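Enquirer: In UniProt numbering, the protein residues as written are 1 to 971. Positions of the beta carbon are idealized from the N, C-alpha and C atoms, including for glycine. It should be emphasised that the depicted structure is a prediction, and the values quoted were computed from it without experimental measurement. Let me give you the structure first, and then I'll get to my questions.
Written out as structure tokens, the structure is:
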């Protein structure tokens, strides 16, 4: 093993660096004494030097007297390698000599020193430990370094920073890892510290320029929120227009304008089904007989339903991805040993791999194809609310909020809703809004490089999704607080309010329905009052809604674990969608309450009786049974179709389908009460009963039983009816629905989906009861699983890579390696941070042609504490009055640049092998006897990713958040 301090410069007279050429390999070396640096004779130079000897010839001592001297290392109190070891030269001196540009080229991924490097080194890639690439020989050998699908770096656009020159990342600074890997959890504590350091740096800027920069930093959030509101309003406008047009094609077309839906084709005053401008397909083909008319209408209705469903599922299947954490050994194991799994127990097998520094055996961490037992995910299917909720809690699912998902899901949603299947667009609107928010965050490094800040913006974007889905800005704000937000800060409320209201305003200006409203239906009732005896009816509707909602949640999980696990259905998601489409077409065609667009049906059920509406508003007692039969058929059909439709591989929401089921039930209850009123007028005190009002109460009750929303749902129903007097009946039904549903099934539909998908979501609204101490849950680590720096702070890169590979072989992609000094904890280095650092070292060493074995430094002693004061500052570098702050090792002495080959390599390696920026010196620590209720509070309130466990002040092990979540779910 080479001396890890070979790169340190020996000092001669005048404290100048002494460099001599090695007689074995011709490289420039540091002399051990001043005498070794005596200039050789001309004959020796000419006889031994090659063609480039003039480049390496040292200057005479007299020539070097006038140049700046190299600062002494002893003045810095340590023999480390980095900014404190070699003092920076003046800007004028660097510009004059041209060496600053040379060093910058090395750190900006360009070809260094004019060397002719092979393409693999001239344009290196960030390697990754997920997807393998070919070995260095270009053959089929597997290399332990991988292509950059994991090291995804969010590249901000030209608008990043809004042109504030002082707030930027210096080109000379060693890159800092500002992202999280796929299927890992973020560290809220670390992101909060980084944001605090960033704001502290901004506050230190003096004068008017500092005020301007701080004002620009504060305004970034509002600019991004406005962009999100406008972009999503435009997207919602397009989806609403296309969905309304395509949905009508199942029945016919508008003769005056093909692109106009049936609701806008018919003039006001014409009842449904009596529109003269609307041409059915049988009329278009001029069918004469009733049988041909029926057959033609049913055939085209079925064909278009199947076509739209097929297009939707084909688009959705293009968003296939794999969750590598499922089906793998993970944090559920009580022991975090370092042994590598064999091929018999895991698809990840051990293979001989080539390495630049070692031929040791490393585990193969991934293959070009996903593991056989890995679970497939489709980012565009379903509502997306459970996944958004998990992401906002701190879990990272790359691509789920990206441009591809936004595009594919938007198009697939239009066709899935237009097909007439029992699903809605309101849940997917939340997902699409967060996609827009995530993409907009790339405009600013403040949000793109801090996951905590970005999730605050995503919470505001989610409020816009519900605001435009229901035309309820206040309901959208409450939805974001109640349903999806995990860590909520008081200043987020104003941003949510701004985003929801602004998006609703933009959509109103666009006028998608031609009515000046942002939703299809808003209802008002002539009687804005209710009586005491009706509380019993509201409670009854709430109880029935809770039962139906809880049973639906149970059925969805059972149906997914039985029928959808049937081999033909599991192997072909298209088959699952197509049979649902066929059944939907035959069930819905005979009944207008099932075949019409969901918003139109809900509007008809909730509206008060008018002269034009005779089917749902019988004029006498004799017509009530037939109306009840129509509603009962629609109720049973809609409930059954909703149960088998939700979960198929197309974008689908549950809000509107559950509300329609509840509205059908509530309308039937209203008709029964109306019937009783006519039979016994003395009991009802001659009050007019409005069945449409009971339909709205039922809609809220069933939706509450499915989603377990409370205040949000009451406010949404209030904003849809615009009548304050009906808030109490809505609230009564919602309360009873939640109580009954929680008694039957304690978890909501979204919580069950999260549990089924095995996402690491720790519910911050539930207080768990534990009968086990922390001692039973902690992962005890052995000596080979920690980095002990008691003897030396230097560790071979190959050893770090082997430890990292061991973690990832156990699917602990966001695990960590403790750094100890004996039995005292000195810090943590997470697996993603370590992987980024090692990949950076290997890339940069390849760029500069460094081939010696690499040794990394772990500076965790108290003498290094001054070096950590700026590590959390991230992308902020504050310019000084005299110039910028230099962040890389540079040399004062001009003699050094005469020997820029080997010495410059050593200086660069010394900088990038210093792992100080990647070490967490202040991890959260708890005693081994701490109660698990306190552990839960630390994970949910602080958002930390891992807890270090000590006993009597001595380090014993760690507890990862994922392991605690797994324990909590099983407990």
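#1: Does the beta-carbon of residue 418 have 16 or more other beta-carbons within 10 angstroms, so that it is buried, or is it exposed?
#2: Does the beta-carbon distance from residue 976 to residue 228 come in below 7 Å?
#3: By Cβ distance below 6 Å, which residues in the same chain neighbour residue 951 in space, the five residues on each side in sequence not counted?
#4: Note down the Cα distance separating residue 920 from residue 905, rounded to an integer number of angstroms.
#5: Taking only the alpha-carbon atoms, compute the straight-line gap between residue 251 and residue 585 and give it to the nearest angstrom.
#6: Give a yes or no on contact between the region 207-224 and the region 435-454, applying the rule of three or more CB pairs nearer than 8 Å.
#7: In this structure, what does DSSP give as the bridge partners for residue 278?
#8: Kindly indicate which three-state DSSP category residue 422 falls into: helix, strand or coil?
#9: Buried or exposed for residue 680, going by 16 or more other Cβ atoms inside 10 Å?
#10: Give the secondary structure of residue 266 by DSSP, where H, G and I count as helix, E and B as strand, and everything else as coil.
#11: Helix, strand or coil for residue 972, going by three-state DSSP, please let me know.
#12: Please work out which residues of its chain come closer than 6 Å, Cβ to Cβ, to residue 302, disregarding the five sequence neighbours upstream and downstream, and give them in chain order.
#13: Would you check if the distance between the CB atom of residue 981 and the CB atom of residue 602 is smaller than 7 Å?
#14: Run through the DSSP bridge pairs and tell me what residue 824 is partnered with.
#15: Going by alpha carbons, who is nearest to residue 693 out of 235, 717, 707?
#16: Measuring alpha carbon to alpha carbon, tell me which residue in 503, 264, 820 is nearest residue 245.
#17: Would you mind giving the Cβ-Cβ distance between residue 594 and residue 628, rounded to the nearest angstrom? I have them listed as a contact below 8 Å.
#18: For residue 319 and residue 408, what's the separation of their Cα atoms in angstroms?
#19: Shortest alpha-carbon distance to residue 982 belongs to which of 514, 667, 646, 511?
#20: Pick out whichever of 378, 195, 942, 800 has its Cα sitting closest to the Cα of residue 762.
#21: When we look at the beta-carbon of residue 203 and count the other beta-carbons within 10 Å, is it buried (16 or more) or exposed?
#22: Just to confirm my understanding: we take residue 837, look at its own chain, exclude 5 residues before and 5 after, and list those with CB closer than 6 Å. What are they?
#23: Drop a sphere of 10 angstroms on the beta-carbon of residue 291, count the other beta-carbons inside from all chains shown, and report buried for 16 or more, exposed for fewer.
#24: Apply the 10 Å Cβ neighbour rule to residue 725 and answer buried if 16 or more other Cβ atoms are within range, or exposed otherwise.
#25: Extract the residue ranges of the alpha helix (DSSP H) inside the region 735-792, only unbroken runs of 4 or more that lie entirely within it.
#26: Check each candidate in 580, 498, 605, 801 and name the one with the smallest Cα separation from residue 645.
#27: Under three-state DSSP, which class holds residue 813?
#28: Which residue marks the beginning of the alpha helix (DSSP H) containing residue 935, and which one marks its end?
#29: State buried or exposed for residue 784, treating a residue as buried only when at least 16 other CB atoms are found within 10 Å of its CB.
#30: List the endpoints of the continuous alpha helix (DSSP H) containing residue 643.
#31: Buried or exposed for residue 963, please, with buried defined as at least 16 other CB atoms from any protein chain shown within 10 angstroms of its CB.
#32: Using three-state DSSP, classify residue 961 as helix, strand or coil.
#33: Pop quiz: residue 465 and residue 432 are said to be a contact at Cβ under 8 Å. What is the actual Cβ separation, rounded to whole angstroms?
#34: Quick one: is residue 767 buried, meaning 16 or more other Cβ sit within 10 Å of its Cβ, or exposed?
#35: By how many angstroms is the C-alpha of residue 745 removed from the C-alpha of residue 550?
#36: For chain C, is any of its Cβ atoms less than 7 Å away from the one on residue 237?
Expert: The relevant details are as follows:
#1: Burial check for residue 418: the Cβ neighbour count within 10 Å reaches 16 or more, so the residue is buried.
#2: With the chain covering only 1 through 971, there is no way to say anything about residue 976.
#3: Counting only Cβ-Cβ distances below 6 Å, and skipping sequence neighbours, we find 928.
#4: Each residue's alpha carbon lies about 28 Å from the other.
#5: For the pair residue 251 and residue 585, the Cα-to-Cα distance works out to about 12 Å.
#6: Between the region 207-224 and the region 435-454, the count of Cβ pairs shorter than 8 Å is three or higher; the stretches touch.
#7: According to DSSP, residue 278 bridges with 254.
#8: DSSP, read as helix, strand or coil, puts residue 422 in coil.
#9: It counts as exposed.
#10: Three-state result, residue 266: coil.
#11: An answer regarding residue 972 cannot be provided, because it is not within the stretch 1 to 971 covered by the chain.
#12: Counting only Cβ-Cβ distances below 6 Å, and skipping sequence neighbours, we find 585.
#13: The structure shown does not extend to residue 981, since the chain is modelled only from 1 through 971, so no value can be given for it.
#14: Paired residue(s): 821.
#15: It is 717.
#16: For residue 245, the nearest C-alpha among the options comes from 264.
#17: Actually they are not in contact, since the Cβ atoms of residue 594 and residue 628 sit about 16 Å apart, beyond 8 Å.
#18: In a straight line, the C-alpha of residue 319 is about 8 Å away from that of residue 408.
#19: Here the chain comprises residues numbered 1 to 971, so residue 982 is not present and cannot be evaluated.
#20: The candidate whose alpha carbon is nearest that of residue 762 is 942.
#21: Within a 10 Å sphere around the beta-carbon of residue 203 sit fewer than 16 other beta-carbons, which makes this residue exposed.
#22: The residues are 915, 918.
#23: That one is exposed.
#24: Residue 725 comes out exposed.
#25: Counting whole runs of 4 or more residues, the region 735-792 contains the alpha helix (DSSP H) stretches 749-757.
#26: Out of 580, 498, 605, 801, 580 has the C-alpha closest to the C-alpha of residue 645.
#27: The DSSP-derived three-state label of residue 813 is coil.
#28: Per DSSP, residue 935 belongs to the alpha helix (DSSP H) from 932-937.
#29: With fewer than 16 Cβ atoms within 10 Å of its Cβ, residue 784 is classed as exposed.
#30: Here the alpha helix (DSSP H) through residue 643 covers 624-645.
#31: With 16 or more other Cβ atoms within 10 Å, it is buried.
#32: The answer is helix: DSSP assigns residue 961 an H, G or I state.
#33: Contact flag correct, Cβ pair sits at about 7 Å.
#34: Counting other Cβ atoms within 10 Å of its Cβ, residue 767 stays below 16 and is therefore classed as exposed.
#35: Cα to Cα, the separation comes out at about 6 Å.
#36: This model lacks chain C altogether; it includes just one protein chain.
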